[in-house]
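Protein chains: 2
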Amino acid sequence: MAEQTPLLTDLYELSMLDAYAAHGMADTAVFELFVRKLPPGRGFLMAAGLEQAVQFLETMRFTPDDMAWLRGSQQFSPAFLDQLSGLRFTGDVDAMPEGTVFFPDEPLLRVTAPLPEAQFVESRLINLLHFQTVIASKAARMVLAAPGKELVDFGLRRAHGAEAGLLAARASYLAGFSGTATVQAGRDFGIPIVGTMAHSFVQAHDDEATAFEHFAQVRPRALTLLIDTYDTERGAAIVAALAPRLAARGITIRAVRLDSGDLAAHARKVRAILDAAGLQAIRVFASGGLDENSLLALCRDGAPIDGFGVGTSLTTSSDAPALDCAYKLQEYAGRPRRKRSEGKATWPGRKQVYRRHDAAGAIAGDTVALLGEPVDGEALLRPVLRAGKRVDGFPGLIEARAHAAASLALLPAPLRRLEPGQVTVTISESIRRLAADMDRRP
Amino acid sequence: MAEQTPLLTDLYELSMLDAYAAHGMADTAVFELFVRKLPPGRGFLMAAGLEQAVQFLETMRFTPDDMAWLRGSQQFSPAFLDQLSGLRFTGDVDAMPEGTVFFPDEPLLRVTAPLPEAQFVESRLINLLHFQTVIASKAARMVLAAPGKELVDFGLRRAHGAEAGLLAARASYLAGFSGTATVQAGRDFGIPIVGTMAHSFVQAHDDEATAFEHFAQVRPRALTLLIDTYDTERGAAIVAALAPRLAARGITIRAVRLDSGDLAAHARKVRAILDAAGLQAIRVFASGGLDENSLLALCRDGAPIDGFGVGTSLTTSSDAPALDCAYKLQEYAGRPRRKRSEGKATWPGRKQVYRRHDAAGAIAGDTVALLGEPVDGEALLRPVLRAGKRVDGFPGLIEARAHAAASLALLPAPLRRLEPGQVTVTISESIRRLAADMDRRP
């Protein structure tokens, strides 16, 4: 079921290609992907998913099975299907590198390709870029909320399917998480994998101390014990009693995990119990319904918690599971194009985003301008594909992660504190003039 | 990246299995999957995803590549990995059939298997059942909100990845949608696929009328024209002028699509324009940021709209992208087990759900009881797997869809109207007594 096929698309992409083929419409089209507005309460977004988007563009192929199914569907002309079977992406892509922070109305990706190619890739391109951007943007808020803390993705089970679980691990690591519990993400992306134990492990044993000892034996180097199955402080006391016995066998308890109740209050009591037993080195790790707001509160409150496992709110981006993004035709056959639908009008033309920094290096404002328009600032869209081939120097995940950290550091201070605030995005006069000119035409 | 591998799991599942193996813990375990509470504003949930969950259990295998990677990770003992490589699911599963409506605290699935098997499948089992249940529950609300209307899933692009897009198409069809735009879902699940055209198609042409004619030529039997790219009523007028010309060529316009602005107001104007041209047979189809609340409002308002395309709110379940669900150990080695964590305590023991109906057939209330406890009502959990093999008569998607429709018809009237309301779920006295007995033990 989950193999990659170009049939993972909307039917209308194929219908439109059929019509483009029938009328020989294959001139160069320019599409841009952008977000119309920020989700409520958000101050910035973080671009992610470009690696998977590029892989999709590089490898997109209809297999003979795909073509046989399309023929059998009787929805398309045979001549068109013959043409479709050879479809490849041969165009250019320019995009913000993964980890770049961005704002509404800014194209984060521009596709320049023959119309059928640029059109066809729409559905999956959005599907890939939207999701990781959603997750990286959410994860970045958690990273800012809990500076210096270890943050781990625990969210596979409630992520929306297999790919969501995997790519959420990637996008959160990119944004600054330390690791993930998802084993396959360790294998596929080289992300550090981290794990503790479940309540069922404790429950399957007749007593908690035995459960802890049994687990210690198989995790001697990375031992985290879950202590809230019955009573958190009693669990901490059991750990305190067990630690010297384990130490005698060369096993160090790295951390305890709290997963329920008032985490700050429990953390304080647990910290005191461990400290009183001379176990200052055992870290306190917390999980259970956390999001960036609770992380912010726990950290401001000075709760003695060293790391957090974040699940559902991260991998579903629970407050904003989707962004109002669009992939729109801005130019075809050398002429700018503009959609004027109520509330959804687009800015026409091929565009670039220029970023200005203040004296301290923080982001001072962005300008969206026509490509080639002389505007000060750092150009954010960089070449990614040329004639369907990846350009040299495409950043890997580690590089993207460093870029994300650098990007977050340059956010204006209120945005870094997750306070409401806004970076001004200016639409250049040339774009506005072009749009007005087009609107005057019938 | 997207092949199915048992490495799509949480690291702790493997660590726990390592410990279970080291201590010979392989007695029969009983886990149950349930939802702790309804999302705000919701009155019911709909079970979905069992087909994919069962496929996962039936086919779960570590490949030699998986094992090589695990060996290389140096996280597990070689003896354990030898044992793991042969892991199969050999247990029993009982579950609510897909399409069953259910309520908090009710197990929708029970796994009875040797502890390592029952434990290991946790992460992916939740991942599969949770997601489709989220989507079917959301889609069911839309189906109830828009009785008699054609509802189509348009949400691939903002679904969370490939699997989410595909399975959202499946879950929404199961809940009563008419079809999906996602081509692969047509191929994989036999769901009717439906499509219109994008704004870019209109924009790529120099005028709207030419775009419509070009599209008509390739969709002569299922033609829907998108009329809001520049001005909705002008688009309708163009359609009215075009229809006789197309009719002369044997092409019938099936529908027009509105995608922006005040949909009710535009629909009325468009309907009037079409009717005045004698085009009563052309249907009006609407899309653009719809959810069950806007469907309810449009339908109550009598807006002349025949069908709706629903995207983001459906495939991300935007108001409730996750459910507070859990897969918990309720019995091991013949003894009931209970987690007592604050706010997350579970009801111990192997359970069944019994449903009572009133004289009119509507759901009157459910009782969760211990398996074998004599309770009136229809038992909702049915045998699914026995010794790892699917029992005869497992319902297919069409059958599940019929069951969903029947289930929705039996909801109490306020829930069918999406009003707040509650079906009472009674936890049997025997379960409460068992829990109390267990809590008295140290």
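Top to bottom, those sequences are chains Z and S.
Our numbering runs 2 ahead of the 1-based position in the first sequence.
Our numbering runs 2 ahead of the 1-based position in the second sequence.
Just so you know, even glycine gets a beta-carbon here, dropped at the ideal spot from N, CA and C.
Quick caveat: nothing in here was measured; it's all calculated off a predicted structure.
May I ask you to report which of helix, strand or coil DSSP gives residue i?
i: S:F82; result: helix
i: Z:F191; result: helix
i: S:Q332; result: strand
i: S:T369; result: strand
i: S:D96; result: strand
i: Z:P246; result: helix
i: S:M199; result: coil
i: S:H216; result: helix
i: Z:M18; result: helix
i: S:Y175; result: helix
i: S:Q76; result: coil
i: S:H132; result: helix
i: Z:G435; result: For the record, residue 435 of chain Z in the displayed sequence is Arg; it is not Gly. Correct three-state label for Z:R435: helix.
i: S:Q121; result: helix
i: Z:P66; result: helix
i: Z:P416; result: helix
i: Z:V154; result: strand
i: S:H359; result: strand
i: S:M144; result: helix
i: S:M48; result: strand
With a Cβ-Cβ cutoff of 7 Å, do residue i and residue j count as a contact?
i: Z:L372; j: Z:I433; result: yes
i: Z:E28; j: Z:L127; result: Inspection of the sequence shows that residue 28 of chain Z is occupied by Ala rather than by Glu. Cβ distance not < 7 Å, so Z:A28 and Z:L127 don't count as in contact.
i: S:K341; j: Z:T231; result: yes
i: S:E108; j: S:V355; result: yes
i: S:A406; j: S:A177; result: yes
i: Z:Q49; j: Z:F104; result: Checking the sequence, you will find Ala at residue 49 of chain Z rather than Gln. Contact flag set, yes.
i: S:A21; j: Z:V220; result: yes
i: Z:S262; j: S:K346; result: yes
i: Z:I255; j: Z:A245; result: yes
i: Z:A183; j: S:L13; result: yes
i: S:I284; j: S:A239; result: no
i: S:V272; j: S:L292; result: no
i: S:A364; j: S:L412; result: yes
i: S:L298; j: S:A147; result: yes
i: S:G45; j: S:L382; result: no
i: S:A269; j: S:A305; result: yes
i: Z:A205; j: S:R339; result: Residue identity check: residue 205 of chain Z is Gln in the sequence provided, not Ala. In contact: Z:Q205 and S:R339 (Cβ atoms closer than 7 Å).
Going by other Cβ atoms of all chains shown within 10 Å of its Cβ, with 16 needed for buried, is residue i buried or exposed?
i: Z:D439; result: exposed
i: S:Q1; result: With chain S covering only 3 through 444, there is no way to say anything about residue 1 of chain S.
i: Z:T92; result: exposed
i: S:H359; result: exposed
i: S:Q282; result: exposed
i: S:D303; result: exposed
i: Z:G309; result: buried
i: S:T314; result: buried
i: Z:V241; result: buried
i: Z:R403; result: buried
i: S:R442; result: exposed
i: Z:G290; result: buried
i: S:E15; result: buried
i: Z:D368; result: buried
i: S:R357; result: buried
i: S:D208; result: exposed
i: Z:D190; result: buried
i: Z:K39; result: exposed
i: S:S79; result: exposed
Original post:
Any chance the stretch 313-325 of chain S sits against the stretch 312-331 of chain Z, with 3 or more Cβ pairs inside 8 Å?
Top reply: Under the Cβ criterion (8 Å, minimum of three pairs), the stretch 313-325 of chain S counts as touching the stretch 312-331 of chain Z.
Subject >> Meets three-Cβ-pair contact criterion under 8 Å: the stretch 117-132 of chain S and the stretch 148-161 of chain S >> reply: With the cut-off at 8 Å, the stretch 117-132 of chain S and the stretch 148-161 of chain S do not touch.
Original post:
Are the stretch 126-141 of chain S and the stretch 157-171 of chain S in contact at 8 Å, needing three or more beta carbon pairs?
Top reply: Enough Cβ pairs lie closer than 8 Å, so yes.
Subject >> Segment contact flag, the stretch 11-31 of chain Z with the stretch 57-65 of chain Z, C-beta cutoff 8 Å, min 3 pairs >> reply: Between the stretch 11-31 of chain Z and the stretch 57-65 of chain Z there are fewer than three inter-stretch CB-CB distances shorter than 8 Å, so the stretches are not counted as touching.
Subject >> Interfacial residues, the stretch 178-196 of chain S to chain Z, with Cβ spacing under 8 Å >> reply: Listed by position along the chain: A183, T184, V185, Q186, G188, R189, D190, I195, V196.
Original post:
What residues in the stretch 125-146 of chain S bring their beta carbon closer than 7 Å to a beta carbon of chain Z?
Top reply: Answer in chain order: S125, I128, N129, H132, F133.
**OP:** Would you check if there are 3 or more beta carbon pairs closer than 8 Å linking the stretch 85-100 of chain S to the stretch 379-388 of chain S?
**Re:** By the criterion of at least three beta-carbon pairs nearer than 8 Å, the stretch 85-100 of chain S is in contact with the stretch 379-388 of chain S.
**OP:** Please list the residues of the stretch 388-421 of chain Z that have a C-beta atom closer than 9 Å to any C-beta atom in chain S, keeping them in chain order.
**Re:** Residues passing the 9 Å Cβ filter: none.
**OP:** Quick one: which residues of the stretch 333-351 of chain S get their C-beta closer than 7 Å to a C-beta of chain Z? List them in chain order.
**Re:** Along the stretch 333-351 of chain S, the positions whose C-beta sits under 7 Å from a C-beta of chain Z are Y334, R339, K341, R342, S343, E344, G345, K346, read in chain order.
**OP:** Check each residue of the stretch 91-116 of chain S: if its Cβ is closer than 8 Å to any Cβ of chain Z, include it; give the result in chain order.
**Re:** The residues in question: there are none.
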